[in-house]
């Protein structure tokens with residue numbers, strides 16, 4: 188299973204899990220597929236994948252120059268009609 192792009196493996200005691208690190212997402216996916224085939228009862232997940240990060244970026248909106256008098260609930264209600272909001276925060280810059 189070790190390829191030229193395999194970087195390292197760590198064991199996390201508190202999670203009771205191994206974490207594999209690869210240089211490319213392609214090799215990581217190949218290793219995960221191989222492990223899933225060999226160890227059918229094990230839980231194999233890919234964390235922090237490029238696909239997951241890109242999906243999050245594709246659903247991110249940054250709105251700037253909102254009046255300070257606008258309440259966060261007003262802004263949330265406006266965007267909630269388009270889809271579920273899973274994470275929302277407002278920051279104030281330049282005061």
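In our numbering, the protein residues as written are 188 to 282. Glycine included, C-beta positions come from ideal geometry on N, C-alpha and C.
Which value, in whole angstroms, describes the spacing of the CA atoms of residue i and residue j?
i: residue 246; j: residue 277; result: 17 angstroms
i: residue 201; j: residue 217; result: 26 angstroms
i: residue 204; j: residue 256; result: 48 angstroms
i: residue 271; j: residue 238; result: 20 angstroms
i: residue 275; j: residue 232; result: 26 angstroms
What residue range is occupied by the uninterrupted alpha helix (DSSP H) comprising residue i?
i: residue 212; result: 212–225
From the options, pick the residue whose C-alpha is nearest to that of residue i; which is it?
i: residue 207; options: 236, 227, 228; result: 236
i: residue 279; options: 243, 270, 249; result: 249
Mapping DSSP to helix, strand and coil, what is residue i?
i: residue 275; result: coil
i: residue 204; result: strand
Can you name the start and end residues of the beta strand (DSSP E) that residue i belongs to?
i: residue 198; result: 193–199
Based on the DSSP secondary-structure assignment, which residues constitute the bridge partners of residue i?
i: residue 209; result: 193
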